[in-house]
Structure formats: C-alpha cells, structure tokens
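Quick mapping for you: the protein sequence lines, in order, are chains A and B. Here the first sequence is numbered in UniProt numbering, starting from 1 and rising by one per residue. Here the second sequence is numbered in UniProt numbering, starting from 1 and rising by one per residue. Glycine is no exception: its CB is placed at the ideal position from the N, C-alpha and C atoms. In this text, all values refer to a predicted model and were calculated from it rather than measured experimentally.
Protein chains: 2
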Amino acid sequence: MDVKVKERLCQVCGESKQIGRNFCAFTCESCKAFFRRTALKTIQLHCASNGKCEINVQTRRLCPKCRLKKCFDIGMRIDFIRSETDNKIRRQLMIEKKMKKLLQDMSAYSGDSSDNDSNANSGQEFPESDGNSSAIDDMDDWIEHTCDDSQGSSRQVMDIKYCLSGKSDILTEIRQKAQKLAVIPMCKTLTDYNGINQLESRRIDELLVATNVF
Amino acid sequence: MDVKVKERLCQVCGESKQIGRNFCAFTCESCKAFFRRTALKTIQLHCASNGKCEINVQTRRLCPKCRLKKCFDIGMRIDFIRSETDNKIRRQLMIEKKMKKLLQDMSAYSGDSSDNDSNANSGQEFPESDGNSSAIDDMDDWIEHTCDDSQGSSRQVMDIKYCLSGKSDILTEIRQKAQKLAVIPMCKTLTDYNGINQLESRRIDELLVATNVF
DNA sequence: AACAGGTCACGAAGGTCA
DNA sequence: TGACCTTCGTGACCTGTT
C-alpha cells in the first residue's frame, strides 16, 4: 500500500495528478517537462537558500536549482532524454512520412495510379534545392485551393511546406500531381452528415473515388 | 531436465511465459515481436552504456540496441523474417480469399442461385438487372436483404441511395465499374453500421487496395 | 501444434502554446 | 511553466498457414 501511494504521488513535488514513469522515476507532467527542459542545460543555476529549498507543488517553481537537484536525487536519469541529433532524425522521418501520405492522397484524388512503392530506400535525404521558389508558390496555390481551412485542417500541410523549403525535387513531384488534380474533394463530401463521423465519411469518399464516378 | 528448463525460458530476457521457437531460437512473445520489428530496420540504435546492458524481463525495454544484439548472439536469424514483398503477396491472397467468400454471401442474398452465367470469365458476377427495370429497385432489394435495420443502422445507406435517385446512369456505371473491379461488398461493410469500428474500416481499406485502384 | 505475421491498447518519449 | 497533444515502441492476444 505504501508503494501504491508512492506511485500515485510525484516523487519530486508531491503532485497527485498525471503521475507516470518519466525518465525512470514517478513524477507529474510538469516535473517531467521541467526535467526534460532543464537537465541538459549547461548554464549554472543559482539558489538563494544554499540549495536547501523544500520542493512541493507550491514551491516547485521558485527554485529551479533545488528542483533539478531533487529530480536527480530521486533517480531521474539524464540518459533517458533523447539527444538532439536523435530528435532531429525523428522529426525528419516524420516529415517524410507525412509527405508520402500527402502524395498518396493527391495521387488517389487525381486518379494517378502510377504511384509506385518501388522507392525502397525511404531513409534517404532529399537533395538540396538551388533556390526554386516557384515550387513553393505552386504549393501555396494548391493548399489554398484544395484545403478547407475552416478548422485549421491545412495547418499540417503548411508545416510540411515550411519544412520542405529548399527541397525542390519532391516539390516538383507535388506540382506535377497537383496539376493533375481536376477537382477538390480532399476535405470530405459528407462531413456534416448526421451520424457519420469524419473517418467514416472519408471512407465513403474513398469508395466513391474507387468507382471513378466523381 | 536442464535442457527442458532452458527451453522454457526466453533465451533473450529470461521470461518464462509463452516460450516458443521463434526465428530459430527459444524466446518469449515480446522478444519475438521485438526482433520481427527491429531486426530489419536500418536506423542506427544508440546505447548509453557502451553496449553492455544486461537484458532481463525488467530491463529488456530500456535498451533496444543491446536487446537486439543479444537476439543475434543467441542465434535468432534475420533470414527467417519474411520479406515485405512476401508479406504483401500473402496479404493479397488473403484478401482475395475473403472477397470470394463475400461474393458468395452476396450471391446468396441476391437470390442468384443459378451458377450458369453466360459470362464465363470470372465465375463471380454481380446479379444482372434485366433491361433498365431501374437500378434503384435493385438497390432497394439489395438494401432490404443485406441490411440489419434493427437499430436504424441502415439509414445512412438509404440516404445515400436517396441522394443517388434520378442518377440511375451513375448507378449503372457504378455497377459496371464494380463488376470490372470485382468489388461488391462496398455497402456490405457499411451494413453493420453502428459506428464503423477500426477493424471494419480497415477492411474497407483492404478491399480498396485489392482493386488496385491506388 | 508450431510458428510466421497482424492488431491494438497503452506507456513514455517529444512538441505546442496560452 | 504546465496542461494537453502527437508519435512511436511494446507486448498480450489474435489469425492464418504448414
């Protein structure tokens, strides 16, 4: 029972909400975020009380130095924070993944069945651009004309565009696909249909597209 | 006896449950899944302890690099993992099998018990509507016989039908395309609508993929 | 029965923004 | 700073084939 209670309280500040195992210790969300942000920083922290501050939910934000010290004391491990290069790679992979999906969607709606999976080496880097800005412009057009942004739904597309600045190879491909796009239905025909949620109406869209009727 | 005990423990992590010969070594289910997922990946794994982590049930998830190393060390073989193309083919075959069964169900519902179709090419056909006695009628029949409306669940299908009324040419076209694509169970999947769950929409995806449209 | 792959809820990382 | 979110790896459980 003692252990159970322990596991339900943040070992750093005593918080009782959102407790989980973070960086090898049971902590709350805020101490987790604090440790992630602070532990790797090299700048010297300063404590006004000679490093003897008590850390609880109320005081935890008053002295970062003592809070961080307690984090280490209760066993939070710095080596469980992913390295910046690791994170960079992950972000890159995520972007490529989204890109691929975007291209698939475009292919589907333009009826372009020539989209081949033969691209075996997915971990490859995109070639650098020579400053082709018109591809970006084209993408802007495409975003503007094909996305219903009434609910911020094209935000991810914008992110991808931003991240891809200077990667004209794939942008050229996008432009080609985009040109084939006769019409629009990217953002769901039956969205507000009573009872059918977004996922389902998306499936219906796909079925209709599969028939090549619309 | 020693050997028997050995065979009842995962050679990677020492787990004692669900042991079997997996990829040429005696392992638990989780190490099997881990090896299947990880062994073929090309991305570089990183170990914080210079590749000297001890792997047991508690620690196995902490360092993928050392876990994978141990997998190889105890003799798990990467060539026992099926290739992606192999898996693709298998999935394709499974889908065709399922579609065949669905087509049979379909035939049963449409009262098309006579197997002597004049079209000899595929063996499985959409029930032919005589003349243009109205595709809508056919659809009505089909809806009536395949939808469980005990909870108003076929309402969406009916609405779709209504939207298509007066567009019998489109309906005919859909049927023709459907014949060509050998996709019947479009609405069959929606029949069980009670909220389309994840599994079901997954089926729809599979069917679409099976048509080679995308 | 044995052994491949598939599924999905869940835990624990990082990211975002008021 | 911290509440909330997304993403991805994990492992128990499942399906299908031999």
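Pairwise C-alpha distance: residue j and residue i
i              : j         : result
LEU68(B)       : ARG21(A)  : 24 Å
ALA25(A)       : GLN11(A)  : 7 Å
LEU93(A)       : GLN18(B)  : 34 Å
residue 225(A) : ASN56(A)  : There is simply no residue 225(A) to check, as chain A begins at 1 and stops at 214 in what is shown.
SER30(A)       : LYS98(A)  : 30 Å
ALA39(B)       : ARG37(A)  : 32 Å
ARG91(A)       : LEU62(B)  : 22 Å
LYS32(A)       : PHE72(A)  : 12 Å
SER49(B)       : PHE80(B)  : 30 Å
GLY75(B)       : ARG82(A)  : 30 Å
LYS88(B)       : GLU96(B)  : 12 Å
LEU102(B)      : LYS41(B)  : 37 Å
LYS100(B)      : PHE23(B)  : 33 Å
ARG60(A)       : GLN104(A) : 48 Å
LEU45(A)       : LEU45(B)  : 33 Å
Burial state of residue i, where buried means 16 or more other Cβ atoms lie within 10 Å
i         : result
PHE35(B)  : buried
ASP86(B)  : exposed
GLU15(B)  : buried
ARG77(B)  : exposed
GLU54(B)  : exposed
THR27(A)  : buried
ARG8(A)   : exposed
ASN119(A) : Note that ASN119(A) scores 39 on pLDDT, short of 50, meaning its location in the model is unreliable; the coordinates nonetheless yield the value given after this. Classification of ASN119(A): exposed, given that the 10 Å Cβ count is below 16.
Heavy atom of the ligand ZN within 7 Å of residue i beta-carbon
i        : result
ARG82(A) : Only the bare structure without any ligand can be found here, which leaves the ligand ZN out of the picture.
Pick from the options that is closest to residue i, judged by C-alpha positions
i        : options                                    : result
CYS47(A) : PHE72(A), CYS66(A) and GLN58(A)            : CYS66(A)
GLN58(B) : LYS70(B), CYS13(B), LEU9(B) and ARG8(B)    : CYS13(B)
GLY51(A) : LEU103(A), LYS70(A), GLU96(A) and LYS88(A) : LYS70(A)
ILE43(A) : PRO64(A), PHE23(A) and ARG60(A)            : PRO64(A)
Report task. Output the residue ranges of the beta strand (DSSP E) runs that lie fully inside the segment 56 to 97 of chain A and measure 3 residues or longer, sorted by chain position. Result -> none
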